[in-house]
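Heads up: the sequence shown runs through residues 443 to 584, numbered per this note's numbering.
Glycine residues also receive a C-beta, built at the ideal position from the N, C-alpha and C atoms.
Here is the structure we will look at, set down as structure tokens.
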Amino acid sequence: MSANTEPNTAPKVIDGRINGRFAPGYSGNPGGSPDRARKALNAETIAELHKAFRRGGAKAIDKVMKNNPAVFLKLLVLLVPREMQVEQSGGVKAMTDEQLERSLALIEEMLAQREAGANARVIEGEAEVIPSLPAPVSAKNS
């Protein structure tokens, strides 16, 4: 048997590994995670942009809007997502009979209000000029 009988024998570390495993204090990726580095950079950039915006962002936006409206509109368009995930849940098929009846009653009421507004008559007229009252006399002037 070739067992190590010496009590104070330290394990042999070769290239940061002990028997193929990383030794304590040695990283398997000394350069760090590229994804984590990118996320940290993004977070720092956003934080600095936020600080800069607080210093003069509103004025800068106004200036771009007035002096270069095409760039301003492009920035607005870039803020809007290209795709929007819309999920339909339930819908009319999931409604109970009572919910359907209430919904139909509300729709009929809205249509009746719209029709009443469309058929409303406008009364033509002119504003009458009424002479104003004289200015109040203060006690100091009397």
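Alpha-carbon to alpha-carbon, Lys535 and Arg480: Along the sequence shown, one-based indexing puts residue 480 at 38. Along the sequence shown, one-based indexing puts residue 535 at 93. Roughly 46 Å separates the two Cα atoms.
CB of Val506 within 7 Å of CB of Phe514, strictly: Here residue 506 corresponds to residue number 64 of the sequence shown, with the count starting at 1. Here residue 514 corresponds to residue number 72 of the sequence shown, with the count starting at 1. Yes, these two residues count as a Cβ contact at 7 Å.
Inter-residue Cα distance where the pair is Thr487 and Pro466: As a first step, residue 487 is located in the sequence shown; it is residue number 45 there, counting from the start. As a first step, residue 466 is located in the sequence shown; it is residue number 24 there, counting from the start. Cα to Cα, the separation comes out at about 33 Å.
Straight-line Cα distance separating Ser545 from Ser554: Here residue 554 corresponds to residue number 112 of the sequence shown, with the count starting at 1. Here residue 545 corresponds to residue number 103 of the sequence shown, with the count starting at 1. Correcting the residue type first, residue 554 is Ala in the shown sequence and not Ser. Distance between the alpha carbons of Ala554 and Ser545 is about 14 Å.
Alpha-carbon to alpha-carbon, Glu570 and Asn561: The residue given as residue 561 occupies position 119 in the sequence shown. The residue given as residue 570 occupies position 128 in the sequence shown. When rounded, the distance between both Cα atoms is 27 Å.
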